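Start counting the sequence shown at 0; every next residue gets the next number (numbering that gives the first Met the number 0).
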Amino acid sequence: MHTQVSPFELHAWKEGNRHNYSAGWKGVSPEFGEILLTCPLPRTSPESLVSEVRGGRLPVASFETRGMHAEGLKLPTLNRSTLRVGDRVVYVERNRFGATLEQRALTMRYAGDRYRLAALDKNGYVLTREPDDEDPGVEITVRESGRGRSRRLGVRVGGRAEGGDLALALIFAGVDRSVLTRVGAVKAGISRVTHFWTESQY
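Following this line, the structure appears as structure tokens:
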């Protein structure tokens, strides 16, 4: 059911120790209830890193990175990842060589709808559900602000959203999105070139 969503904030939290550490964001949406984003969940395997969002009226969404490279990560990355919302796997595509923020945006398909997730900068991003013949679409902007214990996520929704839209938008607050930004894309490009050059020496 599509709902007009009031602006709301999630606040940073963390608990545990080095061997059983959890952190993330939590808060309340007037329309969807309590929301908890854990990023990452406590590890069950060194080769798997998972962020998860859940809430009263949200389907559970998870973003998992798997592989040997996951052992040294703090957050799941867009490489070798699987995104799920409810019992559905979300199909995700991105242009690694895009020259602009728009070209580097993720495109996704979920529940018959098409979505696009684009970086605004290193602290913010916007998820857009594309309009169709039956619905004008929705735009969800998520931005981090503050420092330390006062860190918070501001969430603003343009249009009428459903739980899947919100879960899909919020899970990316628990993902390393740096490659979607200009600076991150340059660093990733340099890393790829260096990696290819190193391999060519053997």
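Note that CB positions come from ideal geometry on N, CA and C, so glycine has one too.
The structure displayed is predicted, hence computed values, not measured ones.
Check, Outcome
"Count the other C-beta atoms from every protein chain shown that fall within 10 angstroms of the C-beta of Thr180, then say buried if there are 16 or more, exposed otherwise.", "buried"
"With a Cβ-Cβ cutoff of 7 Å, do Gly162 and Leu57 count as a contact?", "yes"
"Report yes if the C-beta distance between Ser80 and Thr64 is below 7 Å; otherwise report no.", "yes"
"Taking Ala166 as the reference, which of Arg108, Met0, Ala22, Val52 has the closest Cα?", "Val52"
"Give the DSSP bridge partners of Thr127, in chain order.", "Arg115, Glu138"
"Where does Leu48 fall in DSSP's three states?", "strand"
"Can you round the beta-carbon distance between Gly173 and Gly66 to whole angstroms, since I take them to be within the 8 Å contact cut?", "So it is not a contact: roughly 18 Å between Cβ atoms."
"Taking only the alpha-carbon atoms, compute the straight-line gap between Leu126 and Arg113 and give it to the nearest angstrom.", "11 Å"
"According to DSSP, what are the bridge partners of Val156?", "Ile139"
"In the structure shown, what three-state DSSP assignment does Ala166 receive?", "helix"
"Going by the DSSP bridge assignment, what does Arg65 pair with across the sheet?", "Ser47"
"State buried or exposed for Asp175, treating a residue as buried only when at least 16 other CB atoms are found within 10 Å of its CB.", "buried"
"Please state the DSSP three-state secondary structure of Glu70.", "helix"
"Who are the near neighbours of Arg83 in its chain, counting only those whose CB is closer than 6 Å to its CB and skipping five residues on each side?", "Ser61"
"So for Ala104, helix, strand or coil by DSSP?", "coil"
"Any idea if Pro75 is buried or exposed, counting beta-carbon neighbours within 10 angstroms, 16 or more meaning buried?", "buried"
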